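Colleague: In terms of my numbering, the sequence shown opens at residue 7 and continues consecutively.
I'd like to ask some things about the structure below.
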Amino acid sequence: MFILQCVNITKSFGVDTILQDVKLEIKEKERVALVGRNGAGKSTLLKIIAGELSADSGEVITPKEIKLGYLDQHAGLYSERSIWEEMLTVFDEVIQMEAELQALEEKMASFAVRNDPATYQKVLSEYDQLQASYQAKGGYQYETNIRIVLSGLQFDEFDYDTPVSTLSGGQKTRLSLGKMLLTQPDLLILDEPTNHLDIPTLNWLENYLINYDGALLLVSHDRYFLDKIVTKVYEISRTKATVYYGNYSDYLVEKAQRYEQQQKAFLKQQKEIASIEDFISRNIARASTSKRAQSRRKQLEKMTRMEQPIIDEKSTKFSFVIERESGQDVLTAKNVSVGYENIPVLENIDLQIKKQERIALIGPNGIGKSTLLKVFAGILSPSHGEIKRGSKVTIGYYDQEQRELHSNKDVLHELWDEYPLTPEKEIRTTLGNFLFSGEDVLKQVSDLSGGEKARLALAKLMMKKANFLIFDEPTNHLDLDSKEVLEAALLDYPGTLLFVSHDRYFLNRIATKIVELSRDGLKIYLGDYDYYLQKKEEEMEREKLATTTQPSSSHDETISSDKHAYLEEKALKREARKRQREIEKIEGEIETLEKEIETLEQEMFLPEVYEDYEKAKTYEETLSKLHDTLEQKMKKWEELQLEEA
Numbered sequence: 007m008f009i010l011q012c013v014n015i016t017k018s019f020g021v022d023t024i025l026q027d028v029k030l031e032i033k034e035k036e037r038v039a040l041v042g043r044n045g046a047g048k049s050t051l052l053k054i055i056a057g058e059l060s061a062d063s064g065e066v067i068t069p070k071e072i073k074l075g076y077l078d079q080h081a082g083l084y085s086e087r088s089i090w091e092e093m094l095t096v097f098d099e100v101i102q103m104e105a106e107l108q109a110l111e112e113k114m115a116s117f118a119v120r121n122d123p124a125t126y127q128k129v130l131s132e133y134d135q136l137q138a139s140y141q142a143k144g145g146y147q148y149e150t151n152i153r154i155v156l157s158g159l160q161f162d163e164f165d166y167d168t169p170v171s172t173l174s175g176g177q178k179t180r181l182s183l184g185k186m187l188l189t190q191p192d193l194l195i196l197d198e199p200t201n202h203l204d205i206p207t208l209n210w211l212e213n214y215l216i217n218y219d220g221a222l223l224l225v226s227h228d229r230y231f232l233d234k235i236v237t238k239v240y241e242i243s244r245t246k247a248t249v250y251y252g253n254y255s256d257y258l259v260e261k262a263q264r265y266e267q268q269q270k271a272f273l274k275q276q277k278e279i280a281s282i283e284d285f286i287s288r289n290i291a292r293a294s295t296s297k298r299a300q301s302r303r304k305q306l307e308k309m310t311r312m313e314q315p316i317i318d319e320k321s322t323k324f325s326f327v328i329e330r331e332s333g334q335d336v337l338t339a340k341n342v343s344v345g346y347e348n349i350p351v352l353e354n355i356d357l358q359i360k361k362q363e364r365i366a367l368i369g370p371n372g373i374g375k376s377t378l379l380k381v382f383a384g385i386l387s388p389s390h391g392e393i394k395r396g397s398k399v400t401i402g403y404y405d406q407e408q409r410e411l412h413s414n415k416d417v418l419h420e421l422w423d424e425y426p427l428t429p430e431k432e433i434r435t436t437l438g439n440f441l442f443s444g445e446d447v448l449k450q451v452s453d454l455s456g457g458e459k460a461r462l463a464l465a466k467l468m469m470k471k472a473n474f475l476i477f478d479e480p481t482n483h484l485d486l487d488s489k490e491v492l493e494a495a496l497l498d499y500p501g502t503l504l505f506v507s508h509d510r511y512f513l514n515r516i517a518t519k520i521v522e523l524s525r526d527g528l529k530i531y532l533g534d535y536d537y538y539l540q541k542k543e544e545e546m547e548r549e550k551l552a553t554t555t556q557p558s559s560s561h562d563e564t565i566s567s568d569k570h571a572y573l574e575e576k577a578l579k580r581e582a583r584k585r586q587r588e589i590e591k592i593e594g595e596i597e598t599l600e601k602e603i604e605t606l607e608q609e610m611f612l613p614e615v616y617e618d619y620e621k622a623k624t625y626e627e628t629l630s631k632l633h634d635t636l637e638q639k640m641k642k643w644e645e646l647q648l649e650e651a
């Protein structure tokens, strides 16, 4: 059953058409994502669906009984109530029923005392009906549900009597999300719900939404989040909506395959058109073949011509280079403590950072990650301890709040004033690489969107050519394509990286060392984010094993044997997971090689190739190398499959 249908939704702002004849359908319990570049119209479409914005044409169709819940990405609570009181407002109807039940109970007691069985039975019947409705609406567990949601969104350490007005902007947004989750609408519409969430909260939200009874419509730039939750993707691009089935990774694969198919069909048609046009031009003037040429001309006129597929809209393109290399020791922190107004935030921090390391600093919100980055960047001074920067180290710092940007400047001078000796043409070229072109460079910084400010801050950082980059939440405000460009740039960066991020995909792709910050200090894990999760799981299981009740001393040998067997089993499972990841990686490489070989073999039959000896020879040599590589990959794949068996 469809619970939502968008039929030919069109929306323009001034002369700019944002959405044109958009169609979208959601069935019961479907998990749907809207993806697309910043400014493509995702949030506009959500607002139209939620009834907060009207479409120029088209309609949104939902059955009358369907309840929609919508959370804007900038939502926040503005209330004088306490946290608990604000959450209770979701259950006003249930609380009213509670009061009515209590009143009926008092009535029944009164009629029982008066020995009025007829009236008592009438009130009892009314009570039973109301009680059934109360139970159906979650009357007996609503307080428990509130506590579950508040705990999952990291409010369990708060006094629930805390006024909402005293919370930070991010906390108010989380509380607003909590209220929306408690309403349990048939279709839950969330615009960037992962903003302001740390990794433990993200994991909780994922599990909550996976088990959610209703349907979901999401906009998110968190690729891990989308992969775990959604089963259908609508891409908004060039005012149109295109549907793909599967999660975000499936969407990327399907999109590439569709482009390849469309490109082949387009080239085939172009070849056919060229052949027909050639026939017409050679035969139209000859009496004996003129009729056939005219027939071909009519065939050409009736043909529906395909548009050449465009693989991507304009993307940012940049790379981080360094002016000079640093020494091997980049930064050493010994017994560092930081505090504000004599209140300690971090204490006894020890860390050594070496050249070309890629370190991710992770930990819960409020633990002090951003503060520690500012200390390492030299923006804040430690209250105790020593920080030593290595030889020839130059630091580039990216602030998630973009405080280094000047709101009273335009985009051009924000960059040019920082590097006044650089020619204007070079400055404009750099800005163009970050999608600031033409009149865009004259925009006031204060008028830029979050994504535009992020790109401008990255442009400034790129120009610095520092050999030690410190990033605080670099992927915030970036769309998915911009994130991928940033990842590619950082993977090629020859310097040293230290960063904080809640984007688990980004963490896994960039980091080679995870540093976990907790109340107990720093703990180092030498690997990517997946490795960190694996080690954390092992640590938790060891702790559970250690805390189990120990049998008497006569059983010590049995315990040791059990522990050894347990650890052996864990090692075998770990190796199996590692082997499976390698199998999947090689399968992807084999698929890529086979496609490349197929393409080259097709191209070899083109006249411009086989008629050119040198070109044909180059093709043959390339194909030979690709076949050798494919054979090696297949051999390795077979070996791993045998090990797996």
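Each residue gets a CB set at the ideal place from its N, CA and C atoms; glycine is no exception.
In this text the structure is predicted, and so the values were computed from the model without any measurement.
1. Taking its Cβ as the centre, do 16 or more other Cβ atoms sit within 10 Å of G42, making it buried, or is it exposed?
2. Between G252 and the rest of its own chain, which residues show a CB-CB distance below 6 Å, the 5 nearest in sequence each way excluded?
3. Checking 8 Å against the spacing of the C-beta atoms, do P191 and L74 come in under that value?
4. Three-state secondary structure (DSSP) at A56?
5. Could you pull out every residue in the same chain whose Cβ sits closer than 6 Å to the Cβ of E58, ignoring the five residues on either side in sequence?
6. Identify whether T248 lies in helix, strand or coil by the three-state DSSP scheme.
7. Please classify T95: is it buried, with 16 or more other beta-carbons within 10 angstroms of its beta-carbon, or exposed?
8. Within the continuous beta strand (DSSP E) that includes Q26, where are the two ends?
9. Using alpha carbons as the reference points, say which of L532, C12, R525 and L496 lies closest to Y240.
10. Does the pairing of the region 217 to 229 with the region 110 to 121 give three or more beta-carbon distances under 8 Å?
11. What did DSSP end up calling S558 once you bin it into helix, strand or coil?
12. Determine the extent of the beta strand (DSSP E) in which K76 is found, giving its start and end residues.
13. Measure the beta-carbon distance from V336 to V399 and round it to whole angstroms, keeping in mind my assumption that it falls under 8 Å.
14. Using C-beta distances below 7 Å, list every residue in its chain close to S131, excluding the 5 sequence neighbours before and after it, in chain order.
15. Taking all protein chains shown into account, do 16 or more other C-beta atoms lie within 10 angstroms of the C-beta of L578, making it buried, or fewer, making it exposed?
16. Taking the beta strand (DSSP E) that Y214 belongs to, which residues open and close that run?
17. Determine contact between the region 416 to 428 and the region 444 to 454, defined as no fewer than three beta-carbon pairs at a distance below 8 Å.
18. Assign E600 to one of two classes, buried (16 or more other C-beta atoms within 10 Å of its C-beta) or exposed (fewer than that).
19. Using three-state DSSP, classify D487 as helix, strand or coil.
20. State the CB to CB distance for the pair E602 and W643, rounded to an integer number of angstroms; the pair is presumed to be in contact (CB under 8 Å).
21. Could you check where the alpha helix (DSSP H) with E458 kicks off and where it finishes?
22. Rounding to the nearest angstrom, what Cα-Cα distance links Q408 and E595 in this structure?
23. In terms of residue numbering, what span does the beta strand (DSSP E) encompassing H5 cover?
24. Could you check if R302 is buried or exposed, using at least 16 other CB atoms within 10 Å of its CB as the buried criterion?
25. Between which two residues does the alpha helix (DSSP H) containing L378 stretch?
26. Near M7, which residues of its chain fall below 6 Å by C-beta distance, leaving aside the five closest residues on each side in sequence?
27. Could you tell me which residues DSSP puts in a beta bridge with E241?
28. With a threshold of 16 other CB atoms inside 10 Å of the CB of D536, please say whether the residue is buried or exposed.
29. Under the assumption that Y3 contacts M469 (Cβ atoms under 8 Å), give the Cβ distance between them as a whole number of angstroms.
30. On the CB-based measure, 16 or more other CB atoms within 10 Å of its CB, does R292 come out buried or exposed?
31. Going by C-alpha to C-alpha distance, which of L612, K185, S139 and Q141 sits closest to F161?
32. Spatial neighbours of D485 within its chain, please: CB distance less than 7 Å, with the 5 preceding and 5 following residues excluded, ordered by chain position.
33. What whole-angstrom Cβ distance do G176 and W210 have, given they're in contact under 8 Å?
34. Could you check the C-alpha separation between E283 and K304 for me, to the nearest Å?
35. Within the same chain, show all residues whose beta-carbon is closer than 8 Å to that of F440, passing over the 5 residues directly before and after it, in chain order.
36. Can you list, in chain order, the residues of its chain with a C-beta nearer than 8 Å to that of I290? Leave out the 5 residues immediately preceding and following it.
Modeller: In brief:
1. buried
2. none
3. yes
4. helix
5. none
6. strand
7. exposed
8. D22 to K33
9. C12
10. no
11. Residue placement at S558 is flagged as unreliable, the pLDDT there being 48, under the threshold of 50; the coordinate-derived value follows with that caveat. S558 falls in the coil class under three-state DSSP.
12. Rather than Lys, the amino acid found at residue 76 in this sequence is Tyr. Here the beta strand (DSSP E) through Y76 covers L74 to L77.
13. 6 Å
14. none
15. exposed
16. Y214 -> not in any beta strand (DSSP E); alpha helix (DSSP H) instead, spanning I205 to I216.
17. yes
18. exposed
19. helix
20. No, E602 and W643 are not in contact; Cβ-Cβ is about 17 Å, not under 8 Å.
21. G456 to K470
22. 39 Å
23. For residue 5 there is no data in the structure shown, the boundaries of the chain being 7 and 651.
24. buried
25. K375 to A383
26. E34
27. V41 and T248
28. exposed
29. In the structure as shown, the chain starts at 7 and stops at 651, and residue 3 therefore has no counterpart that could be examined.
30. exposed
31. K185
32. R43, N44, H227 and G457
33. Incorrect: roughly 16 Å between the Cβ atoms, too far for contact.
34. 11 Å
35. T322, F324, R461, L462, L464 and A465
36. S296, A299, Q300 and R303
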